[in-house]
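Residue numbers (this note's numbering), protein chains in the order written: chain A, 1200 to 1450; chain B, 1200 to 1450; chain C, 1200 to 1450; chain D, 1200 to 1450; chain E, 1200 to 1450.
Don't be surprised by glycine CBs; every beta carbon is placed ideally from N, CA and C.
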Amino acid sequence: MDKTSLGGLVGGWGLVALAIILGGVGFGPYIDVPSVIIVVGGSIAVTAGQFEGSDLKRFTPALKVAFNEVKVESLPELVEKITFYATEIKKHGVMQIEQKVMEETNPFFKEAFQLLVDGTKPEVLEPLLETKLEHMGKRHGVMISMFGNIGGTAGAMGMIGTLVGLVAMLANLSDPAAVGPAMAVALLTTMYGALLGTLFAGIIESKLAQKHEKEVVACEVIIRGSSMIAAEESIGNIKMQLNAILTEVME
Amino acid sequence: MDKTSLGGLVGGWGLVALAIILGGVGFGPYIDVPSVIIVVGGSIAVTAGQFEGSDLKRFTPALKVAFNEVKVESLPELVEKITFYATEIKKHGVMQIEQKVMEETNPFFKEAFQLLVDGTKPEVLEPLLETKLEHMGKRHGVMISMFGNIGGTAGAMGMIGTLVGLVAMLANLSDPAAVGPAMAVALLTTMYGALLGTLFAGIIESKLAQKHEKEVVACEVIIRGSSMIAAEESIGNIKMQLNAILTEVME
Amino acid sequence: MDKTSLGGLVGGWGLVALAIILGGVGFGPYIDVPSVIIVVGGSIAVTAGQFEGSDLKRFTPALKVAFNEVKVESLPELVEKITFYATEIKKHGVMQIEQKVMEETNPFFKEAFQLLVDGTKPEVLEPLLETKLEHMGKRHGVMISMFGNIGGTAGAMGMIGTLVGLVAMLANLSDPAAVGPAMAVALLTTMYGALLGTLFAGIIESKLAQKHEKEVVACEVIIRGSSMIAAEESIGNIKMQLNAILTEVME
Amino acid sequence: MDKTSLGGLVGGWGLVALAIILGGVGFGPYIDVPSVIIVVGGSIAVTAGQFEGSDLKRFTPALKVAFNEVKVESLPELVEKITFYATEIKKHGVMQIEQKVMEETNPFFKEAFQLLVDGTKPEVLEPLLETKLEHMGKRHGVMISMFGNIGGTAGAMGMIGTLVGLVAMLANLSDPAAVGPAMAVALLTTMYGALLGTLFAGIIESKLAQKHEKEVVACEVIIRGSSMIAAEESIGNIKMQLNAILTEVME
Amino acid sequence: MDKTSLGGLVGGWGLVALAIILGGVGFGPYIDVPSVIIVVGGSIAVTAGQFEGSDLKRFTPALKVAFNEVKVESLPELVEKITFYATEIKKHGVMQIEQKVMEETNPFFKEAFQLLVDGTKPEVLEPLLETKLEHMGKRHGVMISMFGNIGGTAGAMGMIGTLVGLVAMLANLSDPAAVGPAMAVALLTTMYGALLGTLFAGIIESKLAQKHEKEVVACEVIIRGSSMIAAEESIGNIKMQLNAILTEVME
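Following this line, the structure appears as C-alpha cells:
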C-alpha cells in the first residue's frame, strides 16, 4: 500500500469534511444527487468518449499502481543485484544465472537478463530494451493524460451544472426565499468538479507520473547494466557507471 | 462503430438532459435560438476562417474516423501477419506474396509491402515510409488541432453571447421582472459554449489524438518489419524485434 | 481571395450583429467610442511596444497573406513540375531550363532551380535551401505570434477598460438609475476585447499558421526534388520519393 | 531610443488616462496609495525572492536594452562587412584587419574576428562561438522570464489586494453608503495588477524576446561567416551562404 | 543566507500586512482557523498524495537550498580553480592534486577531479559526469515541480473552501446581517490560497529553478574542464574554452 497516496487522499477529503462540519450547517446542504450525477457521470461519459476501449480497461489497474507500493527495487538494491549477476557471469558463465533470472519478479529486469542468457549481442540488446522502454512510456503516458483529462472535464462539467442550475433559478424567481438554496445547489456542481479534479484526478495523475519517472530511471539502469554485461565490460567499470546514476552529488 | 465514442457522447448529453429534467423547470428555459446561432454559427464561422478550405473538407471524414472502429489490426495480429509474410518470402520468394498484398485493406501496410514486392532496397524503403508517416502525422495534427480550436472558440463565442445579453439586459432595466429571465438567456450562450467544447469538440479532439497514436505505433511496426524483411534479416530476429513493442512488460 | 478567411470573418461578425438585432435593444447600447479607443487603441499601442519596427511594418503584408489565395501550387502540381524539370535536364542538360526558371513565380522554387542551373553541388544546395527555409520559418513565426499576442492583449485591455468603468460607476452611486447603463458600458470593453481576440486576431493567427505549414511542406518538396536532381538521381526514384509526401495513405 | 517601445508604453498609458478622463469622474477615484503599495511593492518583493541577486542587478540594464535602438547592424550591413573582411584577408592576410577589428563595437563580432586574427582553427572557432551564443541565450532567457514572472505576479498581487479590500468591506457593512467606494477601492488593485502586467511587464518581456531573436540571427551570421573565413572558403561561397539567410524569399 | 529569497518573502508578507492595517478593520476579519486548515492542510494532503515518500522527505532540504547562499563558486573563480589544477597536473603530475581535491567542498567538482586522479580516460569521464548531471537535473526537477504543484493546489483548495463557505451562507440566509461576514469568511480561503501560491510556493519554485540553472552551468564548466585535462589539452586551450562561457559578450 502506498501510504502517501492513501494518506493524501484520505487527508484531503477529511479536511474538506472538517471544514463543512466547522461551517455549522451540517452535511445536508452539500449533498445533491442530481449534481453528483452530472459531474461524476458526465466526467465518466466524456472520458469514455475521449479514450479507446483498450485504454479505458486500464483505468482500474492504473489506480492500483497509484495506490500500491512501487514494485521495483530501490536504485542501490538494483545496482547491487546487477553487479552480483555480472560477477556470477564472469565467474561461472551466463548459464549459471538462468535459474535465478526465472525467479525475478521485476518483468523488465527478467526480460533483459533472459535476453542475456539467450546470448543476445549488445548491439541487439540495447535498442531492443530501449524500444520496450519507449513503448512502456507511451502506454503510461496515455493513463497519466487520462487522469489529467478527467480533472479538466470534472471542472467543465461542474461549470455546466452550475449554469444549468442558475438558468433554472433565474427562470423561476417568483419565490425569493428559494433563491438562496437554489443558488447553493447550483454552486454544488462547481464544488464537486473542483473536488474531483483536485482531490482525486490531480493526485492520481501526479502520482502515476512520479512512479513512471522512477520506473524509467530503474529501466535505464537495467538497460545500461545488461548492455555492459553483454559487452563483457569489467565489473569495476559496470559498478562505476551504474553508481554515477546513484550518487546524490548535490542536493 | 466505435462504441466508446458514441457511448460517451450520448451518455454525456443524456446526463445533462437528465440534470435539466431533475431541475424541474423543463427544457423550455434552456432553449434559445439566437443563442444557438451565435455559439454554433460563430464557432463554424471562426473555424472556417482559421483553416484552409482543403482541411475544412476533411471535417466530416475526421468525424467518421472518431466514430468508426479502428481499421488497423491489433498489434499482435499485425506482428503475426508480418511474420507470416516474412516466412513466405524466405520460402517462396517475394513474388509469391504479390497477390495477397494486393488484397490488403490497411493502406500503409499495402504500400510498404508493394514496395517490398517491387524490390525496393532497405536504405530507400525505410526513409520513404518514414516520410509517409511524418506527413500522415501532419495531416492528422491539423484535424486534431481543428477540434481543439473549436473547443476554445465555442467558449469564447459563449462569453461574447453572454456579454451581448448582459448589455441588452442592463441597458433595459425598466422592468425588474424581466431581469431574471433575461439573465438566464444571457447565461445560455456560456452554457452552449461549454457544452459544445466539452461534450463535442473535446471528445472528438482526444479520440482522434488517441487513434492517431495507435496508428503511429502500427505504422512503426510495419516500417520496422518491412525494412527488416528487405534487409533479409532472420525470421527469429524479426519476431524478437517486433515483439519488443508488443510485450506489456509492466503496467 | 481566400474565401474561407473572408467568409469566416464576415460570417462571425454578421452572426454577432444578428444576435444584437435579435436582442431587441438595437445597436445603440453596443457602441461606445471611449471603449473602442481603450481596447483597439490600447492593443495597437501594446503591440507596437512589444515588437520591432521592422516587424510592425509587416502587419499589413501578413494580413494580405491571410486573405489571399495561397500562391504556391498544389502538391501534385509541384511534384509534376519538378519531375518535368528533372526530365528536361536529363534529356537536354541544365541550360535548357534556364529560361523557364526565370519565369517561375514561386520565389523559393525559382531560387532553388536557379542554383541548379548555376551548377551548385548537392552538398551545398541542400543546407543552403534549408537555411532559407529555417529563416523563413522564423520570420513567419514572428507574425503568427504577433497576432497571438494581439488576441491576449485585446482581452487584457478589455478587462482594464471594464475595471475603469466599474470604478467610475461605484465611485458615483448617487443615481441608482444610472447603474445599469454604466455597468453595460463597463462590460462593453470586455466584449470588444473578446471580439477583437476571437473574430480578428484568432482567425488571422490560425490562418497564417496553417498557410505557413502548407508552405513548409511545399518548400520541403522543392528542397528534396532539387537536391535529388543535383545528385543526378533517376527520374523514377525522384518521382517515388516525392510521391511519398503526396499519397494520402490513410485518413 | 527604440521608438516603438517608448511609443507603445506612452500610448498605452495615455489611452488608459484618456478613458479615465472620458469616464467623467476624474483621476481621484483611480488613485489609492495602499493599493499601489500592495501591487507594485508586492510584485517587487516576489520578484526579488524569485531570482538571484546577480540577475536582479540586470533589471535596469535589461530595461535599457528594451528601450534602446538595437546596437547590432542590419543583416545586409553585417553580411557586407563580413564579405569585406573576408576579401581583405584573402588579399593582404589576416594581420591586415587586426586594427580594424579592435575598433568594432559589436562585441560578438569583435570576439569572433579577434579569434580569427589569432589564427584559431575552424574546428575550434565554431564550437567556441556557439558556446558563447548558447550562454548568451541563457542569460537573456532569465531576464525575459523575469518580466514574464512580473506580469503574472502583478496579476496575483492585484487579486490578493482585491480580496483584502473585499473582506474589509464585507466585515464592515454597517454603512451602506460606503459599500460603493469601498468596492471601487478593492477593484483598484486588480486594475493596477492588470496595468502593470499588460502595459509594462508584457511589453518589456516581448520586446526583449524579439531583440534576442534578432541578435541570435546576427550572431549566427557572424559564426557562419567567421568559420567560413577560417576554413578559407571562397569569397563567392561565403557570400552565397550568408545571403541565404538574408533573402526574403516569400512573405 | 540568501538575502533576496528571505527579503522577498518577508517583504511580500509585510506589504500584505501593511495593506490590511491601512484597510482599517484590523487583522481580526482576516483570520479564520477553519479556512487555514482547509487551504494549508488540504495543500499538504494533496502534495503528499501526489509525490513519492522519498521525494516528500526532500521538502525541507529543498527549502534550505532556496534560502541558503549558493554553495558553488562564481564562474570566474571556478574557471580559475580549474586552470590552477590543470597547471599543477601539467607541472607535477596528477598525484600532486590528490590531497587538495579531497578538501574540495563542491561535491560535483570533487567527484570529477577524483576520477581524474584515478586516471579515468576522457571517453569514460565525460559521459559519466553527464549522466550524473542529467540525474541531478531529474531530482531537482521533481522538487521544482513540487512547489509548482503546491501553488496550483493552494489556489484550488482556496476555491473549494470559498464554495464550501458560500453554500453554507446561501443555505442559511435567514439572518441578512450575517451575510456580509459569512461572505468575508468564504473569501478568506481564496485569499489564503493566493497568498500561499504567490508569496510562498511561487517564490520557492522560481528560486530553486534559478539556482538549478546556475548549478547546471557550473557543472558544465567542471565537465568540460576535467574532460579537457583528461584529454591532456594545452592550458591555453582550456582557458580559452572555459572563458567562452564566462565572457558576457553582450547584454
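Original post:
Do residue 1268 of chain D and residue 1192 of chain D come within 8 Å of each other at the CB atom, strictly closer than that value?
Top reply: Since the first residue shown for chain D is 1200 and the last is 1450, residue 1192 of chain D is missing from the structure and cannot be characterised.
**OP:** Can you say whether residue 1334 of chain B is buried or exposed, counting buried as having 16 or more other CB atoms within 10 angstroms of its CB?
**Re:** Start at 1 with the first residue of the second sequence, and residue 1334 of chain B comes out as number 135. That one is buried.
Subject >> Distance between beta carbons of residue 1311 of chain A and residue 1422 of chain A, contact taken as under 8 Å >> reply: Numbered from its first residue, the first sequence carries residue 1422 of chain A at position 223. Numbered from its first residue, the first sequence carries residue 1311 of chain A at position 112. Yes, residue 1422 of chain A and residue 1311 of chain A are in contact; Cβ-Cβ is about 7 Å, under 8 Å.
Original post:
At a CB-CB cut-off below 8 Å, which residues of chain C make contact with residue 1233 of chain B?
Top reply: For the purposes of this step, residue 1233 of chain B is taken as the residue at position 34 of the second sequence. Those are 1217, 1218, 1221, 1222, listed as they occur along chain C.
Subject >> Residues that residue 1280 of chain E contacts on chain D, provided the C-beta gap is smaller than 8 Å >> reply: On the fifth sequence, residue 1280 of chain E is found 81 positions in, with the first residue counted as 1. Chain D residues near residue 1280 of chain E: none, gap ~19 Å exceeds 8 Å.
**OP:** Using 7 Å as the cut-off, classify the Cβ of residue 1202 of chain B as near or not near the heavy atoms of the ligand MG, replying yes or no.
**Re:** As for the ligand MG, it is missing from this structure, which has no ligand bound.
Original post:
Can we say the segment 1244 to 1253 of chain D touches the segment 1401 to 1411 of chain E, given the rule of at least three CB pairs closer than 8 Å?
Top reply: yes
**OP:** Using a Cβ-Cβ cut-off of less than 7 Å, list which residues of the segment 1371 to 1385 of chain E approach chain D; keep chain order.
**Re:** 1379, 1380, 1382, 1383
Original post:
Going by C-alpha distance, which of C:1367, C:1318, C:1300 is nearest residue 1225 of chain D?
Top reply: As a working mapping, residue 1225 of chain D is identified with position 26 in the fourth sequence. The residue with the shortest Cα to Cα distance from residue 1225 of chain D is C:1367.
Subject >> Short-range partners of chain E found in the segment 1296 to 1317 of chain A, where Cβ spacing is below 8 Å >> reply: none
**OP:** Classify residue 1449 of chain E as helix, strand or coil using the three-state DSSP reduction.
**Re:** Numbered from its first residue, the fifth sequence carries residue 1449 of chain E at position 250. Low per-residue confidence applies at residue 1449 of chain E: pLDDT is 44, beneath 50, and the placement is therefore not dependable, though the value from the model is reported in the following sentence. The answer is coil: DSSP assigns residue 1449 of chain E none of H, G, I, E or B.
**OP:** Please report how far the alpha carbon of residue 1386 of chain D lies from the alpha carbon of residue 1218 of chain C, in whole angstroms.
**Re:** Residue 1386 of chain D sits at position 187 when you count from the first residue of the fourth sequence. Residue 1218 of chain C sits at position 19 when you count from the first residue of the third sequence. Rounded to whole angstroms, residue 1386 of chain D to residue 1218 of chain C spans 31 Å at the Cα level.
Original post:
In angstroms, rounded to a whole number, what distance separates the CA positions of residue 1357 of chain B and residue 1354 of chain C?
Top reply: On the second sequence, position 158 is the one that residue 1357 of chain B refers to. On the third sequence, position 155 is the one that residue 1354 of chain C refers to. Roughly 15 Å between the two C-alpha positions.
Subject >> Exposed unless 16 or more other CB atoms sit within 10 angstroms - verdict on residue 1448 of chain C >> reply: Within the third sequence, numbered from 1, the residue matching residue 1448 of chain C stands at position 249. In this predicted model, residue 1448 of chain C has a pLDDT of only 43, less than 50, meaning its place in the structure is not dependable enough to derive any value.
Subject >> the segment 1232 to 1240 of chain D touching the segment 1434 to 1445 of chain D, judged by at least three CB pairs closer than 8 Å >> reply: no
Original post:
Alpha carbon to alpha carbon, what distance is there between residue 1344 of chain B and residue 1205 of chain B?
Top reply: Here the question's residue 1205 of chain B lines up with position 6 in the second sequence. Here the question's residue 1344 of chain B lines up with position 145 in the second sequence. The alpha-carbon atoms of residue 1205 of chain B and residue 1344 of chain B are separated by roughly 21 Å.
Subject >> Euclidean distance between Cα positions of residue 1328 of chain C and residue 1416 of chain C >> reply: Counted from its first residue, the third sequence places residue 1328 of chain C at position 129. Counted from its first residue, the third sequence places residue 1416 of chain C at position 217. Whole-angstrom Cα-Cα distance: 13 Å.
Original post:
Is it buried or exposed for residue 1210 of chain E, if we count other Cβ within 10 angstroms and need 16 for buried?
Top reply: In the fifth sequence, counting from the first residue as 1, residue 1210 of chain E sits at position 11. So residue 1210 of chain E counts as buried.
Original post:
Of all the options B:1302, B:1352, B:1376, which has the alpha carbon lying nearest to the alpha carbon of residue 1240 of chain B?
Top reply: In the second sequence, residue 1240 of chain B corresponds to position 41, counting from 1. Taking only the C-alpha atoms, the option nearest residue 1240 of chain B is B:1352.
Subject >> CB contact flag (residue 1364 of chain B, residue 1381 of chain B, <8 Å) >> reply: One-based indexing of the second sequence puts residue 1364 of chain B at position 165. One-based indexing of the second sequence puts residue 1381 of chain B at position 182. Contact flag set, yes.
Original post:
So, using beta-carbon positions, are residue 1362 of chain C and residue 1390 of chain D closer together than 8 Å?
Top reply: In the third sequence, the residue the question calls residue 1362 of chain C occupies position 163. In the fourth sequence, the residue the question calls residue 1390 of chain D occupies position 191. For residue 1362 of chain C and residue 1390 of chain D, yes; Cβs fall inside 8 Å.
Original post:
Leaving out the 5 sequence neighbours to the left and right, which residues in its chain are closer than 6 Å to residue 1411 of chain E when beta-carbon positions are compared?
Top reply: Within the fifth sequence, residue 1411 of chain E is the residue found at index 212, counting from 1. The residues are 1339.
Subject >> Residue ranges of each alpha helix (DSSP H) within the segment 1275 to 1314 of chain C, 4 or longer >> reply: 1297 to 1301
Original post:
When you compare each of E:1228, E:1293, E:1392, E:1384 to residue 1349 of chain E by their alpha carbons, which one comes out closest?
Top reply: Numbered from 1 along the fifth sequence, position 150 holds the residue referred to as residue 1349 of chain E. With distances taken between Cα atoms, residue 1349 of chain E lies closest to E:1392.
Original post:
Start and end of the alpha helix (DSSP H) containing residue 1412 of chain E?
Top reply: By 1-based counting over the fifth sequence, the position of residue 1412 of chain E is 213. Residue 1412 of chain E -> alpha helix (DSSP H) spans 1401 to 1429.
Original post:
Since residue 1237 of chain C contacts residue 1428 of chain C with CB under 8 Å, what's their CB separation in whole angstroms?
Top reply: As a first step, residue 1237 of chain C is located in the third sequence; it is residue number 38 there, counting from the start. As a first step, residue 1428 of chain C is located in the third sequence; it is residue number 229 there, counting from the start. About 57 Å; that fails the 8 Å criterion.
Subject >> Candidates B:1216, B:1291, B:1262: closest to residue 1408 of chain B by CA position >> reply: Counting from 1 along the second sequence, the entry for residue 1408 of chain B is found at position 209. Nearest of B:1216, B:1291, B:1262 to residue 1408 of chain B, Cα basis: B:1262.
Original post:
Three-state secondary structure (DSSP) at residue 1437 of chain E?
Top reply: Locating residue 1437 of chain E in the fifth sequence gives position 238, where the first residue counts as 1. Helix, per DSSP.
Original post:
Roughly how many angstroms lie between the CA atoms of residue 1383 of chain E and residue 1202 of chain E, to the nearest whole one?
Top reply: As a first step, residue 1383 of chain E must be located in the fifth sequence, where it is residue number 184. As a first step, residue 1202 of chain E must be located in the fifth sequence, where it is residue number 3. Using only the alpha carbons, I get a separation of about 35 Å.
Subject >> Member of D:1251, D:1374, D:1325 whose CA lies at the smallest distance from the CA of residue 1265 of chain E >> reply: Position 66 of the fifth sequence, counted from the first residue, corresponds to residue 1265 of chain E. The candidate whose alpha carbon is nearest that of residue 1265 of chain E is D:1251.
Original post:
Would you call residue 1228 of chain E buried or exposed, if buried means 16 or more other Cβ atoms sit within 10 Å of its Cβ?
Top reply: Reading the fifth sequence from its first residue, position 29 is the one you call residue 1228 of chain E. Classification of residue 1228 of chain E: buried, given that the 10 Å Cβ count is 16 or more.
Original post:
Quick one: does residue 1277 of chain A have its CB under 8 Å from some CB of chain B?
Top reply: The residue labelled residue 1277 of chain A in the question sits at position 78 within the first sequence. Judged by the 8 Å Cβ criterion, residue 1277 of chain A is not in contact with chain B.
**OP:** Please list the partners that residue 1363 of chain A has in chain B, where partner means a Cβ-to-Cβ separation under 8 Å.
**Re:** Counting from one through the first sequence, the residue named residue 1363 of chain A turns up at place 164. Correct list: 1215, 1218, 1219, 1222, 1229, 1390.
Original post:
Quick one: is residue 1424 of chain E near chain D, going by C-beta distance under 8 Å?
Top reply: Taking the first residue of the fifth sequence as position 1, residue 1424 of chain E is located at position 225. No, residue 1424 of chain E lies away from the interface with chain D (no Cβ there is under 8 Å from its Cβ).
**OP:** Look at the Cβ atom of residue 1437 of chain D, then the Cβ atom of residue 1282 of chain D, and state whether they are nearer than 8 Å.
**Re:** Counting from one through the fourth sequence, the residue named residue 1437 of chain D turns up at place 238. Counting from one through the fourth sequence, the residue named residue 1282 of chain D turns up at place 83. Closer than 8 Å, so yes.
Original post:
By the 10 Å Cβ neighbour count, where 16 or more other Cβ atoms means buried, how is residue 1406 of chain E classified, buried or exposed?
Top reply: Working through the fifth sequence from its first residue, we reach residue 1406 of chain E at position 207. The residue in question, residue 1406 of chain E, is buried, as its Cβ has 16 or more Cβ neighbours within 10 Å.
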